[in-house]
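*Asks:* I am attaching a structure below and will ask some questions about it afterwards.
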Amino acid sequence: MLYYIGRRLLQAIPVLLGTTFIIYFMVFAMPGDPLLGLFGDKAPNPALLARLQEQYALDQPFFVQYLNYLGNLVQGNFGISFSGQPVNDILARTFPVTLKLAVIAIFIEMVLALTIGLISGLRKGGIFDATALVVSLLLISVPIFVLCFVGQFFFAVQLGWFSPTVGSDTSFGKLLLPAIVLSLFVVATAIRLTRASVIETANADFVRTAYSKGLSRRRVVPVHILRNSLIPVTTQLGADFGLLIVGATVTEGIFNVPGVGNTLYQAVIRGERPTVVSFVTVMVLLYLVVNILIDLLYAVLDPRIRYVK
Amino acid sequence: MSGTTAAQTAKHLLEIKGLEVGFKTQNGVVKALKGVDFTIDAGETVAIVGESGSGKSTTAAAIINLLPGSGQILAGEVLFEGKDLAKASRKELEDIRGKRIGYVPQDPMSNLNPVWSVGFQVEETVKANGLAAGRKAVHAKAVEVLENAGLPDPGKRMRQYPHQFSGGMRQRVLIGIGLASKPRLLIADEPTSALDVTVQRRILDHLDTLTRDDGTALLFITHDLGLAAERAEKLIVMYKGRIVEAGPSLEILQNPLHPYTQRLIAAAPSLASRRIQSSSEHLGSIHHRVDDAASSVDLIDAAELRVEHVATAAAGPAIEVDGLTKVFKLRTGGLKTEDFTAVDNVSFQVPKGTTLALVGESGSGKSTVAKLLLGLEKATSGAITIDGRRSEKLAGKELLALRRSMQPVFQDPYGSLDPLVNIGATISEPMRVHSVGDRTSRRERVFELLDQVALPKAIAGRYPNELSGGQRQRVAIARALALKPDIVVLDEAVSALDVLVQAQILKLLADLQGELGLTYLFITHDLAVVRVIADNVAVMQKGRIVEQATTDEVFDSPSQQYTRELLDAIPGAGIKMGL
Numbered sequence: 082m083l084y085y086i087g088r089r090l091l092q093a094i095p096v097l098l099g100t101t102f103i104i105y106f107m108v109f110a111m112p113g114d115p116l117l118g119l120f121g122d123k124a125p126n127p128a129l130l131a132r133l134q135e136q137y138a139l140d141q142p143f144f145v146q147y148l149n150y151l152g153n154l155v156q157g158n159f160g161i162s163f164s165g166q167p168v169n170d171i172l173a174r175t176f177p178v179t180l181k182l183a184v185i186a187i188f189i190e191m192v193l194a195l196t197i198g199l200i201s202g203l204r205k206g207g208i209f210d211a212t213a214l215v216v217s218l219l220l221i222s223v224p225i226f227v228l229c230f231v232g233q234f235f236f237a238v239q240l241g242w243f244s245p246t247v248g249s250d251t252s253f254g255k256l257l258l259p260a261i262v263l264s265l266f267v268v269a270t271a272i273r274l275t276r277a278s279v280i281e282t283a284n285a286d287f288v289r290t291a292y293s294k295g296l297s298r299r300r301v302v303p304v305h306i307l308r309n310s311l312i313p314v315t316t317q318l319g320a321d322f323g324l325l326i327v328g329a330t331v332t333e334g335i336f337n338v339p340g341v342g343n344t345l346y347q348a349v350i351r352g353e354r355p356t357v358v359s360f361v362t363v364m365v366l367l368y369l370v371v372n373i374l375i376d377l378l379y380a381v382l383d384p385r386i387r388y389v390k
Numbered sequence: 295m296s297g298t299t300a301a302q303t304a305k306h307l308l309e310i311k312g313l314e315v316g317f318k319t320q321n322g323v324v325k326a327l328k329g330v331d332f333t334i335d336a337g338e339t340v341a342i343v344g345e346s347g348s349g350k351s352t353t354a355a356a357i358i359n360l361l362p363g364s365g366q367i368l369a370g371e372v373l374f375e376g377k378d379l380a381k382a383s384r385k386e387l388e389d390i391r392g393k394r395i396g397y398v399p400q401d402p403m404s405n406l407n408p409v410w411s412v413g414f415q416v417e418e419t420v421k422a423n424g425l426a427a428g429r430k431a432v433h434a435k436a437v438e439v440l441e442n443a444g445l446p447d448p449g450k451r452m453r454q455y456p457h458q459f460s461g462g463m464r465q466r467v468l469i470g471i472g473l474a475s476k477p478r479l480l481i482a483d484e485p486t487s488a489l490d491v492t493v494q495r496r497i498l499d500h501l502d503t504l505t506r507d508d509g510t511a512l513l514f515i516t517h518d519l520g521l522a523a524e525r526a527e528k529l530i531v532m533y534k535g536r537i538v539e540a541g542p543s544l545e546i547l548q549n550p551l552h553p554y555t556q557r558l559i560a561a562a563p564s565l566a567s568r569r570i571q572s573s574s575e576h577l578g579s580i581h582h583r584v585d586d587a588a589s590s591v592d593l594i595d596a597a598e599l600r601v602e603h604v605a606t607a608a609a610g611p612a613i614e615v616d617g618l619t620k621v622f623k624l625r626t627g628g629l630k631t632e633d634f635t636a637v638d639n640v641s642f643q644v645p646k647g648t649t650l651a652l653v654g655e656s657g658s659g660k661s662t663v664a665k666l667l668l669g670l671e672k673a674t675s676g677a678i679t680i681d682g683r684r685s686e687k688l689a690g691k692e693l694l695a696l697r698r699s700m701q702p703v704f705q706d707p708y709g710s711l712d713p714l715v716n717i718g719a720t721i722s723e724p725m726r727v728h729s730v731g732d733r734t735s736r737r738e739r740v741f742e743l744l745d746q747v748a749l750p751k752a753i754a755g756r757y758p759n760e761l762s763g764g765q766r767q768r769v770a771i772a773r774a775l776a777l778k779p780d781i782v783v784l785d786e787a788v789s790a791l792d793v794l795v796q797a798q799i800l801k802l803l804a805d806l807q808g809e810l811g812l813t814y815l816f817i818t819h820d821l822a823v824v825r826v827i828a829d830n831v832a833v834m835q836k837g838r839i840v841e842q843a844t845t846d847e848v849f850d851s852p853s854q855q856y857t858r859e860l861l862d863a864i865p866g867a868g869i870k871m872g873l
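Sequence lines, in order, name chains A and B. Anchor point for the first sequence: position 58 equals 139 in the numbering used here, and the numbering is continuous, going up by one each time. Anchor point for the second sequence: position 576 equals 870 in the numbering used here, and the numbering is continuous, going up by one each time.
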């Protein structure tokens with residue numbers, strides 16, 4: 082088991098190296114001088130420009146810059162943003178917020194997907210199933226910013242249940258509305274998957290055998306049908322978790338959540354190499370860790386899977 | 295009269311009247327059962343026999359109202375102790391299932407939930423039927439249930455998961471669960487079809503003892519007539535959703551009235567081999583006793599054909615195997631490995647144009663021999679000589695030529711055909727790989743091959759999922775014959791098929807051998823089939839050949855204890871046929 086985790090973590094190293102290189106190169110290749118943008122319409126003072134170039138090592142060739150960056154990264158130093166703040170500080174401020182948002186969203190997704198998927202699967206072809214299908218299709222086809230605005234308008238402005246924007250106070254109550262909207266964005270796929278999985282399990286031989294043993298429906302449904310259906314759904318939820326962290330940009334923008342998406346967007350616009358690359362690196366790392374965790378959870382859910390090699 | 299309950303007034307334990315079951319499909323309701331009537335008395339053993347699709351499993355499922363998928367009881371009554379289960383509420387059914395009627399399902403591999411431990415699944419049965427209360431008592435009862443079912447070391451084994459159990463052990467667990475609450479009726483749906491003959495015999499003996507001791511009635515469902523006759527007092531023969539014949543077992547076997555029953559008897563290898571055996575002195579004289587009109591396929595014909603052509607077969611071995619050994623390295627956790635000798639110093643010869651049957655239980659190494667022979671695995675040591683050439687030393691063109699002359703047919707006709715490739719392309723693929731002929735000539739050869747295996751030409755454009763198991767196996771045989779091989783390796787090629795289909799394929803194989811002078815290596819766990827098809831038999835046990843002789847010698851005077859066990863395990867061996 083430990084051997085397996087160790088191997089997976091080692092495999093993450095080349096992935097991280099590759100991603101940082103690609104991202105660094107892409108930001109490097111972006112047209113325009115990032116520093117010139119800082120001066121806006123004004124003509125830059127050549128002396129100041131030269132000092133800034135030196136400070137951010139922008140006068141060096143690409144590989145030197147990249148290796149410098151890597152060297153700092155290994156020491157846990159993510160560099161300094163154009164606004165003069167250490168990227169470490171920005172990361173420490175924004176990541177917990179986005180993580181919190183994603184965890185609430187994934188929890189809502191799980192509850193919705195499992196209840197709606199289970200009922201749809203057990204009553205295949207019924208009114209509930211048909212309604213769930215139509216609503217799912219609707220959710221899949223509506224762009225997320227429309228969902229955001231509709232949610233913001235109805236539940237915050239009209240009904241006043243939630244506050245319309247989050248701002249600096251990132252408490253559970255404030256994050257709930259953006260989290261619900263975010264979960265609706267991914268829940269449709271999870272519902273369909275749960276439904277399909279429940280239908281398949283409900284027709285399995287061992288479910289029939291469970292009934293033949295004299296078990297009641299109330300026991301067979303959670304213990305034999307839902308439990309076995311969890312296995313494929315778990316993988317989907319893991320993939321969604323990554324999607325939520327990465328894909329929260331629009332939602333964070335509309336609800337003014339001071340999270341990763343918001344900050345990253347600004348940094349990309351400004352061409353801030355250290356900020357962009359560091360954020361992406363941490364995201365990739367998080368994504369890899371979540372996937373390892375999901376694989377381990379998989380082994381807990383399905384005793385046939387054992388990681389020996 | 296008002297004081298007597300329904301159970302006391304009921305004459306029979308189970309009485310089924312005019313039972314009709316239908317399955318909803320896109321083209322309306324398809325009837326699987328078209329009016330079935332029979333009765334079972336307390337303590338009686340009744341067997342339902344028929345090929346797949348005859349409605350025997352549907353009947354079993356309908357009794358406890360657990361029809362699969364869209365199945366529905368359309369009409370009729372299922373009176374159990376006087377109560378109609380077809381109209382019972384869910385609550386009433388839950389009370390009866392498991393407690394009054396036990397059920398042992400068909401496939402031990404898919405009928406235990408893979409994510410729960412075996413103990414958990416037995417304990418929940420114990421709890422649901424109120425057999426014990428309190429954690430310790432439930433655990434103790436579960437251990438007792440498994441112990442009664444003949445599972446060794448149940449206390450420890452309970453913590454294990456189904457995938458850590460062999461098929462036989464899983465079946466014991468399922469039998470234990472079925473009998474846990476000492477039900478009045480046990481329904482066993484092909485409880486041993488997936489198992490080796492020797493395991494099958496042990497499990498059925500055990501089931502006999504258990505049901506006899508508790509006075510449990512047994513409804514036993516099987517496709518094997520020999521097995522049914524040996525185990526049950528009463529026999530019900532089903533065909534296309536109807537009962538075509540019913541009565542005492544011996545009477546039906548010795549004097550079958552319905553043509554379908556007669557066909558089943560003619561096709562059952564367990565019974566056919568018995569007949570060949572009992573009348574080997576005068577092969578010719580038995581022929582007229584079998585109703586010709588009824589027996590579309592008779593295995594005795596096939597056997598005779600074999601005897602004829604063996605006499606004309608030229609001597610000289612097509613396959614010669616000497617001191618063949620295969621050692622696998624097994625992981626034992628961590629980085630350590632342990633040697634496992636799957637094939638241990640095996641030697642045999644197969645003369646041209648004859649059939650050698652390699653027999654043994656699963657795990658005896660017979661399939662590994664096939665793989666070594668086909669060059670799919672590399673031997674650890676030993677020599678394989680095919681047509682006078684050492685096969686393991688060949689490479690490149692010569693190896694390709696060897697592959698051409700030696701073709702396999704595998705057990706699972708569902709798994710060995712690519713579902714995305716149509717039949718014509720499947721059969722012509724070996725010719726394309728070996729660049730034999732051009733498009734038109736290959737096309738003609740496909741039609742010729744389809745004709746040889748008695749399939750219509752139109753089938754070339756169809757896909758595997760549109761064919762039955764028997765048709766698929768014919769396709770697999772046609773593909774094997776495409777390159778005009780000299781040797782065909784048949785690895786359990788008929789084991790997955792229904793008796794009637796099995797008989798047709800065996801006949802086909804015998805015919806093809808006669809026509810084309812093929813040499814067969816026939817690998818099987820079913821000794822009954824061996825009698826029909828093979829000239830020589832090699833019995834394998836734990837990687838070694840323990841006995842090797844002509845088929846007649848092995849059947850008439852087996853020299854090894856193990857061979858005798860295998861022979862005894864053929865169901866129906868003890869039945870005197872009315873021939």
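Think of the CB as a built atom: it goes at the ideal place given N, C-alpha and C, for glycine as much as any other residue.
Buried or exposed: where does W410 of chain B fall if 16 or more other Cβ atoms within 10 Å of its Cβ makes it buried?
*Replies:* Indexing the second sequence from 1 puts residue 410 of chain B at position 116. W410 of chain B comes out buried.
*Asks:* Taking the alpha-carbon positions, what's the R89 of chain A to E281 of chain A distance?
*Replies:* Mapped onto the first sequence, residue 89 of chain A falls at position 8. Mapped onto the first sequence, residue 281 of chain A falls at position 200. Looking at the two C-alpha atoms, the distance is approximately 31 Å.
*Asks:* Below 8 Å on C-beta distance, what does S404 of chain B contact in chain A?
*Replies:* Along the second sequence, read from residue 1 onward, the residue named residue 404 of chain B stands at position 110. Result: A285, D286, F287.
*Asks:* Alpha carbons only, please: which of B:V398, B:N830, B:F414, B:G755 is nearest the one belonging to P645 of chain B?
*Replies:* Counting from one through the second sequence, the residue named residue 645 of chain B turns up at place 351. Here the closest residue by C-alpha is B:N830.
*Asks:* Could you work out which residue in B:V493, B:A828, B:A752 is closest to T648 of chain B when comparing CA atoms only?
*Replies:* Indexing the second sequence from 1 puts residue 648 of chain B at position 354. Checking every option, the nearest Cα to that of T648 of chain B belongs to B:A828.
*Asks:* Just the C-alpha distance for A291 of chain A and Q465 of chain B, rounded to the nearest angstrom, thanks.
*Replies:* In the first sequence, residue 291 of chain A corresponds to position 210, counting from 1. In the second sequence, residue 465 of chain B corresponds to position 171, counting from 1. Distance between the alpha carbons of A291 of chain A and Q465 of chain B: 15 Å.
*Asks:* Can you give me the C-alpha to C-alpha distance between R684 of chain B and I678 of chain B, rounded to a whole angstrom?
*Replies:* Taking the first residue of the second sequence as 1, we reach residue 684 of chain B at position 390. Taking the first residue of the second sequence as 1, we reach residue 678 of chain B at position 384. Cα-Cα distance, rounded: 6 Å.
*Asks:* Out of B:L498, B:K534, B:R536, which has the shortest C-alpha to C-alpha gap to A522 of chain B?
*Replies:* Locating residue 522 of chain B in the second sequence gives position 228, counting from the first residue. Closest by alpha carbon: B:L498.
*Asks:* Starting from T516 of chain B, follow the beta strand (DSSP E) in both directions and report where the run begins and ends.
*Replies:* Locating residue 516 of chain B in the second sequence gives position 222, where the first residue counts as 1. Its beta strand (DSSP E) spans residues 511-516.
*Asks:* Applying a beta-carbon distance threshold of less than 9 Å, which residues of chain B neighbour D383 of chain A?
*Replies:* For the purposes of this step, residue 383 of chain A is taken as residue 302 along the first sequence, with counting starting at 1. Under the 9 Å cutoff, chain B gives P408, V409.
*Asks:* Residues of chain B with CB closer than 8 Å to the CB of L296 of chain A, please, in chain order.
*Replies:* Taking the first residue of the first sequence as 1, we reach residue 296 of chain A at position 215. Going along chain B in sequence order, the residues near L296 of chain A (Cβ under 8 Å) are E388, G392, E418, T419, A422.
*Asks:* For P702 of chain B, does the count of other Cβ atoms within 10 angstroms reach 16, so buried, or fall short, so exposed?
*Replies:* Translated into positions along the second sequence, residue 702 of chain B becomes position 408. Buried is the call here.
*Asks:* Enumerate in chain order the residues of its own chain whose CB-to-CB distance from V840 of chain B is below 6 Å, with the five nearest sequence positions on each side excluded.
*Replies:* If you number the second sequence from 1, residue 840 of chain B lands on position 546. Closer than 6 Å at the Cβ level, and outside the excluded window around V840 of chain B, lie V833, Q854, Y856.
*Asks:* Shortest alpha-carbon distance to F374 of chain B belongs to which of B:I471, B:A511, B:L501?
*Replies:* Start at 1 with the first residue of the second sequence, and residue 374 of chain B comes out as number 80. Checked all of B:I471, B:A511, B:L501; the closest Cα to F374 of chain B is B:A511.
*Asks:* For the region 164-184 of chain A against the region 305-315 of chain A, do three or more pairs of beta-carbon atoms, one drawn from each stretch, fall closer than 8 Å, so that the two count as touching?
*Replies:* Not touching, per the Cβ criterion.
*Asks:* With burial defined as no fewer than 16 other Cβ atoms inside 10 Å of the residue's Cβ, what is the status of S735 of chain B: buried or exposed?
*Replies:* Counting from 1 along the second sequence, the entry for residue 735 of chain B is found at position 441. S735 of chain B is exposed by the Cβ-count criterion.
*Asks:* May I have the straight-line CA-CA distance separating A886 of chain B from R478 of chain B, to the nearest angstrom?
*Replies:* Absent from the model: residue 886 of chain B. The displayed extent of chain B is 295 to 873, so no value can be given.
*Asks:* Less than 8 Å between the CB atoms is what I'm expecting for Y708 of chain B and R766 of chain B, so what's the real figure, rounded?
*Replies:* Translated into positions along the second sequence, residue 708 of chain B becomes position 414. Translated into positions along the second sequence, residue 766 of chain B becomes position 472. About 7 Å separates the two Cβ atoms, so the contact holds.
*Asks:* To the nearest angstrom, report how far apart P456 of chain B and I161 of chain A are at their CA atoms.
*Replies:* Within the second sequence, residue 456 of chain B is the residue found at index 162, counting from 1. Within the first sequence, residue 161 of chain A is the residue found at index 80, counting from 1. Computed Cα separation, rounded: 57 Å.
*Asks:* By Cβ distance, which residues of its chain are closer than 8 Å to G872 of chain B, with the 5 residues on each side in sequence left out?
*Replies:* Taking the second sequence and counting its residues from 1, the one referred to as residue 872 of chain B is at position 578. With a pLDDT of only 44 at G872 of chain B, under the threshold of 50, the placement of this residue in the model should not be trusted; the figure read from the coordinates follows. Closer than 8 Å at the Cβ level, and outside the excluded window around G872 of chain B, lie L547, Q548, N549.
*Asks:* What do you reckon, are the CB atoms on E345 of chain B and V782 of chain B nearer than 8 Å?
*Replies:* Mapped onto the second sequence, residue 345 of chain B falls at position 51. Mapped onto the second sequence, residue 782 of chain B falls at position 488. Going by C-beta atoms, E345 of chain B is not nearer than 8 Å to V782 of chain B.
*Asks:* Are any of the Cβ atoms in chain B nearer than 8 Å to that of G352 of chain A?
*Replies:* Locating residue 352 of chain A in the first sequence gives position 271, counting from the first residue. No, its Cβ sits nowhere closer than 8 Å to a Cβ of chain B.
*Asks:* With DSSP run on the structure shown, which of helix, strand or coil describes K665 of chain B?
*Replies:* One-based indexing of the second sequence puts residue 665 of chain B at position 371. Reduced to three states, the DSSP call for K665 of chain B is helix.
*Asks:* What's the C-alpha gap between A269 of chain A and V341 of chain A?
*Replies:* As a working mapping, residue 269 of chain A is identified with position 188 in the first sequence. As a working mapping, residue 341 of chain A is identified with position 260 in the first sequence. Looking at the two C-alpha atoms, the distance is approximately 24 Å.
*Asks:* Determine the direct distance from the alpha carbon of M725 of chain B to that of R354 of chain A, and round the result to whole angstroms.
*Replies:* Along the first sequence, read from residue 1 onward, the residue named residue 354 of chain A stands at position 273. Along the second sequence, read from residue 1 onward, the residue named residue 725 of chain B stands at position 431. C-alpha separation (whole angstroms): 60 Å.
*Asks:* Looking only at DSSP bridge pairs, what is S475 of chain B linked to?
*Replies:* In the second sequence, the residue the question calls residue 475 of chain B occupies position 181. In the DSSP output, where bridge partners are listed per residue, S475 of chain B has none listed.
*Asks:* Using DSSP's beta-bridge definition, name the partner residues of G152 of chain A.
*Replies:* Start at 1 with the first residue of the first sequence, and residue 152 of chain A comes out as number 71. Note: G152 of chain A sits in no beta bridge, so no partner.
*Asks:* Less than 8 Å between the CB atoms is what I'm expecting for V637 of chain B and T662 of chain B, so what's the real figure, rounded?
*Replies:* As a first step, residue 637 of chain B must be located in the second sequence, where it is residue number 343. As a first step, residue 662 of chain B must be located in the second sequence, where it is residue number 368. Contact flag correct, Cβ pair sits at about 5 Å.
*Asks:* Leaving aside the five residues before and after I559 of chain B along the sequence, list all residues of the same chain whose C-beta is less than 7 Å from its C-beta, in chain order.
*Replies:* As a first step, residue 559 of chain B is located in the second sequence; it is residue number 265 there, counting from the start. Closer than 7 Å at the Cβ level, and outside the excluded window around I559 of chain B, lie L519, L547, P550, L565.
*Asks:* For I469 of chain B, which of B:G322, B:K430, B:F514 has the nearest alpha-carbon?
*Replies:* Residue mapping note: residue 469 of chain B aligns to position 175 of the second sequence, counting from 1. When each option's Cα is compared against that of I469 of chain B, the closest is B:F514.
*Asks:* Around the Cβ of E388 of chain B, are there at least 16 other Cβ atoms within 10 angstroms (buried) or fewer (exposed)?
*Replies:* Walking along the second sequence from the start, residue 388 of chain B turns up at place 94. Per the 10 Å Cβ criterion, buried.
*Asks:* Please classify D507 of chain B as buried or exposed, where buried requires at least 16 neighbouring CB atoms within 10 angstroms.
*Replies:* The residue given as residue 507 of chain B occupies position 213 in the second sequence. D507 of chain B is exposed by the Cβ-count criterion.
*Asks:* On the premise that L377 of chain A lies in contact with A183 of chain A, defined as a C-beta separation below 8 Å, what is that separation, rounded to the nearest angstrom?
*Replies:* Stepping through the first sequence from its first residue, residue 183 of chain A is reached at position 102. Stepping through the first sequence from its first residue, residue 377 of chain A is reached at position 296. The pair is not a contact, with the Cβ atoms about 19 Å apart (cut-off 8 Å).
*Asks:* Buried or exposed, going by whether 16 or more other CB atoms sit within 10 Å of the CB of A356 of chain B?
*Replies:* Translated into the one-based positions of the second sequence, residue 356 of chain B becomes position 62. Buried is the call here.
*Asks:* Roughly how many angstroms lie between the CA atoms of Q458 of chain B and I386 of chain A, to the nearest whole one?
*Replies:* As a working note, residue 458 of chain B is residue 164 in the second sequence. As a working note, residue 386 of chain A is residue 305 in the first sequence. Rounded to the nearest angstrom, the two C-alpha atoms are 12 Å apart.
*Asks:* Assuming N423 of chain B and S475 of chain B make a contact with CB atoms under 8 Å, what is their CB distance in whole Å?
*Replies:* Position 129 of the second sequence, counted from the first residue, corresponds to residue 423 of chain B. Position 181 of the second sequence, counted from the first residue, corresponds to residue 475 of chain B. The pair is a contact, with the Cβ atoms about 5 Å apart (cut-off 8 Å).
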